[in-house]
Every structure is written in C-alpha cells, then in structure tokens.
Amino acid sequence: MDFVAGSIAGATGQLVGHPLDSIKTRLQSESLLARGTNTASTSAYKCARNIYNEGGLRAFFRGLSLPLCSKSFEQCVAFGIQSAVDQLLEGMDVKEGTLRSGLSGMAAGSTTSLLLTPIYLVKVQLQVTPKGSLSGPIPVIKSTINKLGFFGLYTGAVPIFIGTSIGYGCRFMAYDKATHVAEQSFGFGRIGSVIVGGGMAGMATWASHYPLDLVSSRMEASVALGGEQLTMTEHIKEIYAQSGVKGYFRGIGPCLLRAFPVNATIFLTYDLCKTNLT
Numbered sequence: 007m008d009f010v011a012g013s014i015a016g017a018t019g020q021l022v023g024h025p026l027d028s029i030k031t032r033l034q035s036e037s038l039l040a041r042g043t044n045t046a047s048t049s050a051y052k053c054a055r056n057i058y059n060e061g062g063l064r065a066f067f068r069g070l071s072l073p074l075c076s077k078s079f080e081q082c083v084a085f086g087i088q089s090a091v092d093q094l095l096e097g098m099d100v101k102e103g104t105l106r107s108g109l110s111g112m113a114a115g116s117t118t119s120l121l122l123t124p125i126y127l128v129k130v131q132l133q134v135t136p137k138g139s140l141s142g143p144i145p146v147i148k149s150t151i152n153k154l155g156f157f158g159l160y161t162g163a164v165p166i167f168i169g170t171s172i173g174y175g176c177r178f179m180a181y182d183k184a185t186h187v188a189e190q191s192f193g194f195g196r197i198g199s200v201i202v203g204g205g206m207a208g209m210a211t212w213a214s215h216y217p218l219d220l221v222s223s224r225m226e227a228s229v230a231l232g233g234e235q236l237t238m239t240e241h242i243k244e245i246y247a248q249s250g251v252k253g254y255f256r257g258i259g260p261c262l263l264r265a266f267p268v269n270a271t272i273f274l275t276y277d278l279c280k281t282n283l284t
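Each residue of the sequence shown is one higher than the last, beginning at 7 in the numbering used here.
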C-alpha cells in the first residue's frame, strides 16, 4: 500500500510544482552560458518572463510527461523503501523517532537516486533547451548516447546519489519532528499536522542538499548545451570562481517556494490514500 499511495502522491505533487521547477532549473544552468564571466545574475522573475515569452503558460510545463511519471515512480519507491526499512529498524529495536526516520529516509533516497538519474538528466535537458531543438525524451536519450555513450545517461550520478541520500534523510526527520510539534505544541489535527510536516519536510530536503542539486543540474544541462563536460569537483570550483559562496544557492528561492506546497501535497495525498485504501 505504501508503494501505491506514494505513486499517486508523487504524480499529484509534480503537477503542483513543475512550473517552479522549470524556473529553478533555468536559473541553475544559466551560468553555464556565462563561463569566464560573472554576469549570471538573472532574477527568478526575469527567468519566468523569458520562459513565458518562449511559449506562454505551456512553456512552464515543458517536459512534464516524463517527470510526472518519474515523480510518481520516485515517490512510490521512496515511501515504499522508507516504510520497509523503518519496519526493519523497528525489528532491530531501534527506537522510534527522528534518528530512525533519518536512517530509513537515507535508504529511500539512495535507492531512488540510483534508479532515476537518467530520468533527471532527460528532464533537465528538456527544461533548458530552446523549444524545438529537442522534441521529447527519446530524442534526448538518443542525443546523449551519441555524444557520451550509454553511461552518459548517468551524468551527475555522484552528486545526485550523495545529495538525495542526505536530502531524504533530512526529509523524513523533519516530517517526524514537525508533525509531532504541530500536534503536541500547537494542537493541529491530523490533516493540519500532515500539511505542516510535509511542507517543512520539503524545505528541509532542499535546504540540506541544494548545492549538490545545483552541481548535478549543471552537469546534466551541459550535455544539452554543448559545453565542456566537467567533473563534479570542477563544477564546484567553477561556480565559486563565477559567483563565490552565494553561487551555490543560485535559484534556491523558487525552489523553497515550490518545496512547501509540493511536499505538503505529496504527504497529504499519501496519508489520505493510505487511510482510505486500507
């Protein structure tokens, strides 16, 4: 049941958050076009306006089909693995609480990252390339394999693995703590505490691993934009050379803005599905 509820929750959350995800990805990858300069300073508003000028409101949903399916699959795996590992830890007499939630969350994050890295690559390339240059997932996959071979589909795998493991650990720790505080300290009902806990979980996820997500997005975008294929370490150095420490948090505003409603939706949908389908 965890897998089914997670699948429905993931698809619902993706529909809510895809427009802001498109803005985040554009902001993260824009600096690739400004290598050797310090001119990558487009605001979230200007980025959104540029996307709108490319194709109206539909442009914000460009590349939605693949992440809609992948988000459904991601949350299916994440909630299923998290629940299974949590039960395993319970059987090992690990006390219920934030530590157990964090460990089971890290297991969920590491598993999803291994399965979904190629899908992340395709999503990012569709979001950053001009309309018409890559018409869908299949052309992106073919183009990537032609350029880099099969393992090119795993571009960015290292920062994705590290970041998703950390992020999901923080996600379930934050959810456990926030729902408890909402219920015990503020008297929220079940639905209210799930909304608060889910929103805080999403923000904790992104705040904890955003720089690594930035690096992986740049690595993935560079495949489509024709830039030099740098390693994770080289991207980290280049970001610092371009923008200093603040460069690692480029685009985090729309990301955190998106994180609360998307993850509140995901956790609420998951909770309602489990309650009504069992």
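Every residue, glycine too, gets a C-beta built ideally from N, C-alpha and C.
Quantities reported herein were computed from a predicted structural model and do not represent experimental measurements.
Discussion item. Beta-carbon within less than 6 Å of CYS53's beta-carbon, same chain only, minus the 5 sequence neighbours each way: which residues are those?
Written reply: On the sequence shown, position 47 is the one that residue 53 refers to. Here the set comprises ILE29, ARG32 and LEU33.
Discussion item. Going by C-alpha to C-alpha distance, which of VAL229, GLN235 and ARG196 sits closest to GLN131?
Written reply: The residue given as residue 131 occupies position 125 in the sequence shown. Minimum Cα distance to GLN131 is reached at VAL229.
Practice prompt. Give me the Cβ distance between MET7 and LYS280, rounded to the nearest whole Å; I'm assuming they're in contact under 8 Å.
Written response: Here residue 7 refers to the residue found at position 1 when the sequence shown is read from its first residue. Here residue 280 refers to the residue found at position 274 when the sequence shown is read from its first residue. Confirmed, about 6 Å.
Item to complete: Drop a sphere of 10 angstroms on the beta-carbon of TYR246, count the other beta-carbons inside from all chains shown, and report buried for 16 or more, exposed for fewer.
Response: Walking along the sequence shown from the start, residue 246 turns up at place 240. Answer is exposed; the Cβ neighbour count stays below 16.
Item to complete: Would you mind sorting ASP99 into buried or exposed? The rule is 16 or more other CB atoms within 10 Å of its CB.
Response: The count along the sequence shown starts at 1 and reaches residue 99 at position 93. Its Cβ having fewer than 16 others within 10 Å, ASP99 is exposed.
Worksheet entry | Any 3 or more C-beta pairs closer than 8 Å across the stretch 267 to 282 and the stretch 196 to 210 | yes
Item to complete: My understanding is that SER110 touches PRO165, with C-beta atoms under 8 Å, so please give their C-beta distance in whole angstroms.
Response: For the purposes of this step, residue 110 is taken as the residue at position 104 of the sequence shown. For the purposes of this step, residue 165 is taken as the residue at position 159 of the sequence shown. Going by Cβ atoms, the distance from SER110 to PRO165 rounds to 22 Å, so no, they are not a contact pair.
Worksheet item: Count the other CB atoms within 10 Å of the CB of GLY16; is the residue buried (16 or more) or exposed (fewer)?
Response: Walking along the sequence shown from the start, residue 16 turns up at place 10. Result: buried.
Item to complete: Would you kindly report the start and end of the unbroken alpha helix (DSSP H) that includes LEU26?
Response: Locating residue 26 in the sequence shown gives position 20, where the first residue counts as 1. Residues 8 to 36.
Practice prompt. Assign LEU70 to one of three DSSP states: helix, strand, or coil.
Written response: Residue mapping note: residue 70 aligns to position 64 of the sequence shown, counting from 1. Three-state DSSP puts LEU70 in coil, outside helix and strand.
Discussion item. At the level of alpha carbons, what is the spacing between SER71 and GLU96?
Written reply: As a working note, residue 71 is residue 65 in the sequence shown. As a working note, residue 96 is residue 90 in the sequence shown. Cα to Cα, the separation comes out at about 38 Å.
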